[in-house]
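Final position of the sequence shown in the working numbering is 88; the numbers increase by one with none missing.
Beta carbons: idealized from backbone N, C-alpha and C, even for Gly.
None of these values were measured; they are calculated from a predicted model.
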Amino acid sequence: MFENTRVMDLRDRPEDEAFRREVRTWLEEHLVGDFAAIGGRGGSGDETFAFETRLSWERELAAGGWTC
C-alpha cells in the first residue's frame, strides 16, 4: 500500500541557515527606532496607526530586496 510513498526531507541545509542569518542581520540593522517601536501594530482594526511610518517600513523592505 505504501510502496511508492515519498518522504519530504525536512533537514536544514547549510544555505537554509545562511538565509536565516542574512535575514536576522538585515532586521537587526534596519528594524530600529520608529520601525521597531510600532512592531505588531497596524493590523485589522488598527490600519491607520502610524500609517506613514509603516509605509516607510514597506519602502525600506523594498529597498533591501525583501518584497516581490
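Query: Straight-line Cα distance separating tryptophan 77 from arginine 61; Result: 12 Å
Query: Limits of the unbroken alpha helix (DSSP H) element including alanine 83; Result: 71 to 83
Query: Under 7 Å between C-beta atoms of arginine 84 and tryptophan 46; Result: A quick correction: the sequence has glycine, not arginine, at residue 84. The answer is yes: Cβ separation under 7 Å.
Query: Alpha-carbon spacing of phenylalanine 39 relative to arginine 31, whole angstroms; Result: 15 Å
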